[in-house]
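Just so you know, the sequences run in chain order A and B.
Residues in the first sequence are numbered consecutively from 1, following the working numbering.
Residues in the second sequence are numbered consecutively from 1, following the working numbering.
Structure first, commentary second.
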Amino acid sequence: MSQETESTGNPIANPDPSVLDRLRFARQDVAAKLPPLRGQRIAYLLVSPFFVLFGLFLAFPVVYTLYLSFFEWQSVGQGNLFWIDFGPFHVTVPRIAELQFVGLSNYTRLLGDGLFWQSMFNTTYILLIQVPIMIGLALALAVALNASFVRFKGLFRTAIALPISANIVAYSTVFLLLFNEQFGFVNYLLSQVGVSPIAWLTSEFWARKTIIAAVTWRWIGYNMIILLAGLQNVPQQLYEAAEIDGAGRWEKFRYVTLPQLRPVLLFVVVLSTIGTFKLFAEPYVITGGGPTNATITIVQYIYRQAFVHWNLGYASALTVIFVALVSVISIAQIRIGGDD
Amino acid sequence: MREQRRKDAVWMFLTYAFILTMVVVMLIPLYWMIVAATLPQQEFIEFPPRLIPGTAFLDNFAALQERMNYVLTIWNSVFIAVVYTVLSLLLCSMAGFAFAKYEFRFKEPLFYSILATLVLPIQLLVIPLFLMMSQVGWTDTFRAIILPWLANPIGIFLMRQNMRSIPDALLESARMDGASELQIFYRIALPAMRSSLAALAIILFLFQWDLFLYPLVILEDPGNYTIPVALAGLEGTQRIYYDQIMVATTLAIIPMAILFLVLQKQFVSGILAGSLKE
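Take a look at the structure:
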């Protein structure tokens, strides 16, 4: 029979190409209409490892921190929270910690905690000086390196961006010695121009400046690269049009570059603000939070409460406030910067 | 006209002066670190400081290695960062592919739950993670350092964005040719994502490489220390050996700096990719 049909040119066994094409389109149509059915199982397979870890190590801890902030931590958990018997095997979920409910007292406590407010003040102080200086320098560098007459751009950019690769604690340690009062390089340079040694690490005023210098050094190149990419997206015609209108260097920067760069600039400001708000390693290594707590930051204080004094519940309350502040700041910046 | 040309020349001079000053400022700490690492301690702390590198690097290194097993520390850091990067790349690209190319239930809420965590500072997680790890007896282990950060929100977000650019027709024709969905993922989607994967690899590696607060809390045995934790401990000892400390920081910074020089393009695209998340 098959012999026969083939020889008689049965359209199914021996279809002409146009029919095959039409069939394929029909199949694609069906595939396009039914992606949920064919995709579901494989999609869950692809997604589930991520979400198991995401739920366990990200979503749960976020919720648990909030929970913990209403308790005082007693000890590592004893025994099990619950266990489920599946016949051949069972799943036990241990108690994470022994806790004592304290209501809102962690939150009322922080209101009167002088050192917490000191850490808030320090962080804000560092932030308000560091972020404008760093963004200003990064912007100036980006504009300079974007100028058409500058040669060896790649080389300069590389040199300035090099600190991006420096490990945070390692570079902080280098700065600790760089700003050493007796034999640090900075005081040596100052002595060459007749400035007497500055107590970079032991004076309240200068210790904060040391931290600011360190953070600025580490992140200037990072911000410069983002700004440089933003500058390269500014349409050249805008500059040409401005030139025809007789705009000078400053006018072109003020009326073309800045408005065009606004979203990128805003992004960089938000990123840097949050970054500096989370400052920990630099003060931990360079000043240890001193002198007399002049450089202790919020995260450092949370660390101290949690892992030096073991007030884990209280430290969780501090964390909740800290995260709320970070969110408010970034939303506010986007609001202010976004409105025209 | 002449006036204009003079102004231009002054401007050019100022621009170059500014760039060169900044370049020097950026390089001084690194240069000075190398000088300090290559001088014996007594020569290093004299005033005025020496400005030319010496030859004592290996002696200083031997002294450092005698005091603590710094080679092991470097190995720990590299091992953790590499294992983390590879595993996280795999997880993020798998999940990112699913979000880009399949329809499934709860897709939207799951994706928004990831977006919500993008803005959370990771410091938020240290206390609960420490308690969880203590409970299951995982403190002082590498898995405690690696596992919690594998499901990286930036990673999945980037992979989803980039995988959307893979044409559906390409996947469909592979299906026609009888490829299974998993084959489509690793034969077509992954190779097409090579440059995005490289950029993400840099982001992930640097994230783990710079992680400090969390390992500081989790790791106890010096034999398990990563570079940041070991360095922070070095500084805290009573008599401070600056030469040894600078050897340690040099070994932490210079190989990464060389890596940066070699893979600069990937670093830059990593930074820009990470900055696109808003």
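We treat Cβ as the ideally placed atom computed from N, Cα and C, and that holds for glycine.
Values in this document were obtained by computation on a predicted structure and should not be read as measured data.
Neighbour list for residue i in chain B, Cβ cutoff strictly below 8 angstroms
i, result
"arginine 249 (chain A)", "Trp11"
"phenylalanine 175 (chain A)", "Pro29"
Cα-Cα separation, residue i to residue j
i, j, result
"glycine 103 (chain A)", "asparagine 311 (chain A)", "15 angstroms"
"leucine 227 (chain A)", "isoleucine 168 (chain A)", "22 angstroms"
"glutamine 192 (chain A)", "valine 270 (chain A)", "39 angstroms"
"isoleucine 300 (chain A)", "proline 61 (chain A)", "As written in the sequence, residue 300 (chain A) is glutamine, which differs from the isoleucine given in the question. Rounded to the nearest angstrom, the two C-alpha atoms are 20 angstroms apart."
"leucine 111 (chain A)", "valine 323 (chain A)", "16 angstroms"
"alanine 59 (chain A)", "isoleucine 154 (chain B)", "15 angstroms"
"tyrosine 255 (chain A)", "valine 195 (chain A)", "41 angstroms"
"alanine 43 (chain A)", "asparagine 223 (chain A)", "37 angstroms"
"tyrosine 64 (chain A)", "phenylalanine 70 (chain A)", "10 angstroms"
"phenylalanine 175 (chain A)", "valine 215 (chain A)", "10 angstroms"
"alanine 332 (chain A)", "serine 119 (chain A)", "21 angstroms"
"leucine 46 (chain A)", "serine 195 (chain B)", "21 angstroms"
"leucine 139 (chain A)", "proline 29 (chain B)", "22 angstroms"
"tyrosine 284 (chain A)", "phenylalanine 51 (chain A)", "34 angstroms"
"glutamine 107 (chain A)", "isoleucine 122 (chain B)", "For the sequence presented, residue 107 (chain A) should be read as tyrosine rather than glutamine. Looking at the two C-alpha atoms, the distance is approximately 21 angstroms."
"leucine 279 (chain A)", "glutamine 237 (chain A)", "41 angstroms"
"phenylalanine 57 (chain B)", "leucine 39 (chain B)", "7 angstroms"
"tryptophan 73 (chain A)", "isoleucine 145 (chain B)", "23 angstroms"
"glutamate 3 (chain B)", "phenylalanine 13 (chain B)", "15 angstroms"
"glutamine 183 (chain B)", "phenylalanine 61 (chain B)", "49 angstroms"
"valine 320 (chain A)", "isoleucine 274 (chain A)", "15 angstroms"
"arginine 249 (chain A)", "leucine 258 (chain A)", "12 angstroms"
"leucine 150 (chain B)", "cysteine 92 (chain B)", "8 angstroms"
"leucine 190 (chain B)", "glycine 233 (chain B)", "41 angstroms"
"leucine 129 (chain B)", "tyrosine 303 (chain A)", "13 angstroms"
When the options are compared against residue i, the one with the closest alpha-carbon
i, options, result
"serine 148 (chain A)", "B:Asp8, B:Glu3, B:Gln4, B:Arg2", "B:Asp8"
"valine 23 (chain B)", "A:Phe152, A:Phe175, A:Gln333, A:Ile135", "A:Phe152"
"glycine 136 (chain A)", "B:Leu263, B:Phe61, B:Phe18", "B:Phe18"
"glycine 79 (chain A)", "A:Arg95, A:Pro49, A:Phe277, A:Arg218", "A:Arg95"
"glutamine 100 (chain A)", "A:Phe89, A:Thr108, A:Gly77", "A:Gly77"
"tyrosine 171 (chain A)", "A:His309, A:Gln182, A:Ala213, A:Val143", "A:Ala213"
"glycine 54 (chain B)", "B:Val136, B:Leu115, B:Phe44, B:Ala62", "B:Phe44"
"alanine 81 (chain B)", "B:Ala62, B:Glu103, B:Phe142", "B:Phe142"
"tyrosine 84 (chain B)", "B:Leu206, B:Ile227, B:Val268", "B:Leu206"
"leucine 261 (chain A)", "A:Phe50, A:Gln232, A:Trp73", "A:Gln232"
"glycine 96 (chain B)", "B:Arg67, B:Gly137, B:Ser165, B:Trp138", "B:Ser165"
"glycine 137 (chain B)", "A:Val143, A:Ala97, A:Ile220", "A:Ala97"
"phenylalanine 185 (chain A)", "B:Ala174, B:Val25, B:Gln161", "B:Val25"
"leucine 211 (chain B)", "B:Leu170, B:Gln266, B:Leu125", "B:Leu125"
"methionine 163 (chain B)", "B:Leu251, B:Ala252, B:Arg6, B:Leu197", "B:Leu197"
Per-residue contacts from residue i into chain B (C-beta, under 7 angstroms)
i, result
"tyrosine 239 (chain A)", "What tyrosine 239 (chain A) touches in chain B: nothing, since even the nearest Cβ is about 16 angstroms away."
"tyrosine 125 (chain A)", "Per Cβ cutoff of 7 angstroms: no residues; tyrosine 125 (chain A) is ~19 angstroms from chain B at best."
"threonine 65 (chain A)", "Leu124, Ile127, Pro128"
"lysine 278 (chain A)", "Pro121, Gln123"
"phenylalanine 307 (chain A)", "Val217"
Chain B contact residues for residue i, given Cβ-Cβ distances below 9 angstroms
i, result
"phenylalanine 183 (chain A)", "Phe44, Ile45, Glu46, Phe47, Pro48, Pro49, Tyr242"
Interface partners of residue i on chain A, CB under 7 angstroms
i, result
"threonine 15 (chain B)", "Ala144, Ala147, Val150"
Reduced DSSP category for residue i - H, G, I as helix; E, B as strand; rest coil
i, result
"threonine 297 (chain A)", "coil"
"proline 215 (chain B)", "helix"
"proline 235 (chain A)", "coil"
"glutamine 74 (chain A)", "strand"
"isoleucine 156 (chain B)", "helix"
"asparagine 80 (chain A)", "strand"
"valine 91 (chain A)", "strand"
"glutamine 244 (chain B)", "helix"
"glutamine 100 (chain A)", "strand"
"aspartate 348 (chain B)", "It is not possible to answer for residue 348 (chain B), since the shown part of chain B is limited to 1 through 278."
"aspartate 85 (chain A)", "strand"
"methionine 94 (chain B)", "helix"
"glutamate 103 (chain B)", "coil"
"glutamate 3 (chain B)", "helix"
"tyrosine 284 (chain A)", "helix"
"alanine 273 (chain B)", "helix"
Under 9 angstroms by beta carbon: chain A residues contacting residue i
i, result
"serine 134 (chain B)", "Val76, Gly77, Ile96, Ala97"
"proline 148 (chain B)", "Leu53, Leu56, Phe57, Leu58, Pro61"
"aspartate 221 (chain B)", "What aspartate 221 (chain B) touches in chain A: nothing, since even the nearest Cβ is about 17 angstroms away."
"isoleucine 227 (chain B)", "Asn167, Val169, Ala170"
Contacts of residue i in chain A (Cβ-Cβ under 8 angstroms)
i, result
"valine 23 (chain B)", "Phe156, Ala159, Ile160"
"alanine 257 (chain B)", "Leu162, Ser165, Ala166"
Listed in chain order, which residues of the segment 38-55 of chain A have Cβ atoms closer than 7 angstroms to some Cβ of chain B? Taking 7 angstroms as the Cβ-Cβ cut-off, the segment 38-55 of chain A approaches chain B at Gly39, Gln40, Ile42, Ala43, Tyr44, Leu46, Val47, Pro49, Phe50, Phe51, Leu53, Phe54, given in chain order.
Chain B contacts from the segment 129-160 of chain A (Cβ-Cβ distance under 8 angstroms): Correct list: Leu137, Ala140, Leu141, Ala144, Leu145, Ala147, Phe149, Val150, Phe156, Thr158, Ala159, Ile160.
Residues of the segment 200-219 of chain A in Cβ contact with chain B at a cutoff of 8 angstroms, in chain order, please. If the cut-off is 8 angstroms between Cβ atoms, the segment 200-219 of chain A has Trp217 near chain B.
Short-range partners of chain B found in the segment 286-297 of chain A, where Cβ spacing is below 7 angstroms: Within the segment 286-297 of chain A, no residue places its CB atom closer than 7 angstroms to a CB of chain B.
Using a beta-carbon distance cut-off of less than 9 angstroms, what residues from the segment 97-114 of chain B approach chain A? Listed in sequence order: Phe97, Ala98, Phe99, Lys101, Tyr102, Glu103, Phe104, Arg105, Lys107, Leu110, Ser113, Ile114.
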